[in-house]
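Residue numbers (the numbering used here): 31 to 269. Ideal Cβ placement from N, Cα and C applies to all residues, glycine included.
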């Protein structure tokens, strides 16, 4: 089962997670995750799913206020286990797995569908076995997405605001140590709308200048820029 497909039911109370066999080219099984799935990451035979209940859904359906969680999915048995023993009011909407840990960000101003009291611009480190919050750090505004560095020693967080597309953000990227959670800001005249890490470099889709910016993960030096068409700015990678 090589990938997954997200399907919302009409009431947005659960999300159907489909296991898609790329060889057979069909969905071979499905499971149901409570709430609205926001992100999926994987490590070995485990998948981790960030899911939350939008406040308006919780009110209309008279559900408890705390209903969000991160779920561990065993890809072999399809067993589902909540990471947090008790459901949370909010969980990180973007998550990645790195070694034995999960890293997540509470997004910034771009997550305008969240209430005012929702945590914003915070990076967290979680032990998925116990649901323990191991570390956290407050980031600059507009935290949007995150990626693990090639060596696993750093998290790169993009700061991106779609409503301000005509101007750069003063600090488009932050680098955070996975051990100490020290933050190093990466400045530059670009807008990091997408980012991937590979072979000691981070590749940034720059919406402002319509180019690909290549940055060394250790020195944070911009090595080169490559002009691209707008459709090529949103990046992904395969392994």
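- Straight across, the Cα-Cα distance linking residue 183 with residue 59 is about 36 Å.
- Residue pairing from DSSP places residue 207 in a beta bridge opposite 184.
- Cβ-Cβ separation between residue 121 and residue 100: approximately 6 Å, consistent with a contact (criterion under 8 Å).
- Taking the Cα of residue 209 as reference, the smallest distance to any Cα among 155, 243, 252 and 245 is reached at 155.
- Checking the DSSP bridge columns, you'll see residue 114 has no partner listed.
- In this structure, residue 76 lies away from residue 44, with their beta-carbon atoms at least 9 Å apart.
- For the options 157, 179 and 207, the alpha carbon positioned closest to that of residue 169 is the one of 207.
- Counting along the chain, residue 136 sits inside the beta strand (DSSP E) bounded by residues 131–136.
- Non-local beta-carbon contacts of residue 131 in its own chain, meaning distances under 8 Å to residues more than five positions away in sequence, involve 155, 156, 157, 158, 164 and 208 in chain order.
- Counting only residues of its own chain and dropping the five nearest sequence neighbours on each side, residue 230 has a CB closer than 6 Å to the CB of 180 and 247.
- Residue 219 holds the alpha-carbon nearest to the alpha-carbon of residue 239 among 254, 219 and 250.
- Judged by DSSP secondary structure, residue 103 falls within the beta strand (DSSP E) whose first and last residues are 99–104.
- Under the three-state reduction of DSSP output, residue 53 falls in the coil class, being neither helix nor strand.
- Distances from the CA of residue 70 to each of 233, 175, 189 and 213 were compared; the closest alpha carbon is that of 175.
- Distance between residue 127 and residue 74, taken at the CA atoms: about 10 Å.
- Residue pairing for residue 258: DSSP places it in no beta bridge.
- With respect to residue 202, residue 188 sits close: the two C-beta atoms are nearer than 9 Å.
- Between the alpha carbons of residue 51 and residue 78 lies a gap of roughly 19 Å.
- Just so you know, the alpha carbons of residue 251 and residue 151 end up roughly 24 Å apart.
- Residue 145 counts as exposed, since fewer than 16 other beta carbons sit within 10 angstroms of its beta carbon.
- Distance check between residue 217 and each of 227, 237, 224 and 245 places 245 closest, using alpha-carbon atoms only.
- Between residue 162 and the set 115, 149, 119 and 147, the nearest pair of CA atoms involves 115.
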